[in-house]
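Position in the sequence shown counted from 1, then plus 25, gives you the working numbering. Built from N, CA and C at the ideal position, the CB exists for glycine as well.
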Amino acid sequence: MKDWIATDLDSTLFARAWHADNAIAATWSPEEDGTRSPSSWMKADTHRLLSALGSAFAVVPVTARDVDSFGRVDVPGVHLQGPAVVANGAIILGWDGLPDHAWEEHMTAQLAPWESRLNDFYTWLSGKSDGLARPRLIPGPCGLPAYLVAKAAAGWWRTPEARALLAEMDWLGCRVEVLGLELQVLPPGVGKRDATLEVQRRWFGGQPPLLCLGDMPLDLEFMRLGGLLATPAGSTLDLTWPV
């Protein structure tokens with residue numbers, strides 16, 4: 026049984042803003058001619074660290090990316106395909122990179138009652154935000170929506186208008202979080218921590234991760250499972266910790 030680490034991906038290991046001459050391409054977008062082009066990058070020093078960690082430990086991604094978006098992650102010299110927690114915990118991928126059937130059945134039962142409600146949230150937010158927010162439903166197991174995400178311009182979700190809009194809706198017990206440019210609406214049962222615990226139980230004999238990495242306060246829910254916690258300098262999580 027290999028020791029392991031658990032890590033968020035976007036803004037923790039890689040981001041579009043980190044493009045530089047020595048950066049390592051981390052995610053890719055398909056082009057019409059069948060080729061692909063980089064869409065985000067990993068800093069060279071981060072790549073050296075992750076490559077070294079990956080030679081000694083299993084590296085388990087814990088990400089909000091859905092299966093399709095996660096499939097565009099390809100970092101040279103680093104295995105990130107599975108096990109993996111994707112779609113904010115609604116889906117778990119096994120060592121083979123395929124969805125785990127037991128977790129799929131569990132989450133299908135959790136999400137089925139929320140399908141119509143998430144669609145209602147999507148329709149309501151699309152109309153109420155006058156185009157200032159761009160909502161979409163993130164696909165989960167068996168074609169069910171896992172959660173809702175809505176992007177807006179920088180700072181818009183913190184404006185009085187946006188706060189008032191969100192206060193109008195009865196979110197019916199869903200967790201509503203503003204993460205940078207994004208609003209996330211997660212139904213009960215969807216979360217990185219529970220899915221990471223399942224990975225810990227299923228593939229690592231109940232042994233917690235040695236190290237957990239993340240960039241947002243919400244990541245602390247799964248990060249606190251680890252023996253050590255780390256966040257990039259200047260991340261949202263870093264800036265919320267007291268000096």
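Identify which residue in the options has its Cα closest to the Cα of residue i.
i, options, result
"Leu74", "Leu197, Pro160 and Thr32", "Thr32"
"Leu206", "Thr256, Ala177, Met67 and Thr221", "Ala177"
"Asp240", "Leu197, Asp28, Ile30 and Thr37", "Thr37"
"Thr133", "Asp145, Gly79 and Ile117", "Ile117"
"Gly122", "Asp145, Asn144, Leu143 and Asp93", "Asp93"
"Leu173", "Gly79, Gly180, Cys167 and Ala158", "Ala158"
"His44", "Lys27, Asp58, Ala187 and Ser64", "Ser64"
"Phe247", "Val224, Thr261, Pro267 and Ser260", "Val224"
"Trp29", "Pro267, Ser260, Leu236 and Thr261", "Leu236"
To the nearest angstrom, report how far apart residue i and residue j are at their CA atoms.
i, j, result
"Pro160", "Ala42", "23 Å"
"Ala112", "Asp35", "13 Å"
"Asp125", "Pro185", "42 Å"
"Leu222", "Trp66", "29 Å"
"Ala69", "Thr256", "17 Å"
"Trp196", "Ala77", "43 Å"
"Gln162", "Tyr147", "One point to set straight first is that residue 162 is Leu, not Gln, in the sequence displayed. Straight-line Cα distance between these residues: approximately 7 Å."
"Met194", "His72", "43 Å"
"Val84", "Trp120", "11 Å"
"Thr60", "Arg249", "40 Å"
"Pro86", "Asp263", "20 Å"
"Arg227", "Pro212", "24 Å"
"Glu129", "Trp139", "15 Å"
"Pro108", "Gln135", "21 Å"
"Ala81", "Leu254", "18 Å"
"Gly198", "Asp46", "46 Å"
"Ala258", "Gly251", "19 Å"
"Cys167", "Gly156", "30 Å"
"Asp145", "Arg90", "22 Å"
"Val103", "Ala189", "44 Å"
"His131", "Gly165", "12 Å"
"Ala192", "Ala179", "20 Å"
"Ser141", "Ala171", "12 Å"
"Ser260", "Leu238", "11 Å"
"Lys27", "Gly79", "11 Å"
"Pro267", "Asp58", "50 Å"
"Ala175", "Ala187", "12 Å"
"Ala40", "Ala127", "32 Å"
So, for residue i: in the same chain, excluding its five sequence neighbours on each side, which residues have a beta-carbon less than 6 Å away from its beta-carbon?
i, result
"Asp244", "Asp33"
"Thr265", "Pro242"
"Phe95", "Val111"
"Val201", "Val210"
"Gln106", "Gly122"
For residue i, I'd like the list of residues in its chain whose CB is within less than 7 Å of its CB, leaving aside the five on either flank, ordered along the chain.
i, result
"Trp182", "Val203 and Leu208"
"Gly114", "Val215, Gly216, Lys217, Asp219 and Ala220"
"Glu56", "Ser62"
Please confirm if residue i has its CB atom under 8 Å from at least one CB of chain D.
i, result
"Asp244", "Among the chains in the structure shown there is no chain D, since it carries only a single protein chain."
Output needed for residue i: all residues of its chain with C-beta closer than 8 Å, excluding positions within five of it in sequence on either side, in chain order.
i, result
"Ala137", "Leu169"
"Leu143", "Leu162, Pro170, Tyr172, Leu173, Val210 and Pro212"
Problem set entry | beta strand (DSSP E) segments (min. 3 residues) lying fully within the region 73–146 | If we require 3 residues or more, the beta strand (DSSP E) runs fully inside the region 73–146 come out as 83–86, 109–111 and 116–118.
Problem set entry | Three or more C-beta pairs below 8 Å linking the region 217–236 and the region 146–155 | Contact fails: fewer than three Cβ-Cβ distances are below 8 Å.
Exercise. Which residue spans inside the region 189–241 form an unbroken beta strand (DSSP E) run of at least 3?
Worked result: For secondary structure counted as the beta strand (DSSP E) over 3 or more consecutive residues, the region 189–241 holds these complete runs in sequence order: 200–204, 207–211 and 236–238.
Exercise. At which residue ranges does the region 154–191 contain complete beta strand (DSSP E) runs of 3 or more residues, listed in the order of the chain?
Worked result: Complete beta strand (DSSP E) runs here, min 3: 158–164 and 170–177.
Exercise. Touching or not, the region 99–117 and the region 46–54, by the rule of three or more beta carbon pairs under 8 Å?
Worked result: When Cβ pairs closer than 8 Å are counted between the two stretches, the region 99–117 is seen to touch the region 46–54, the count reaching three or more.
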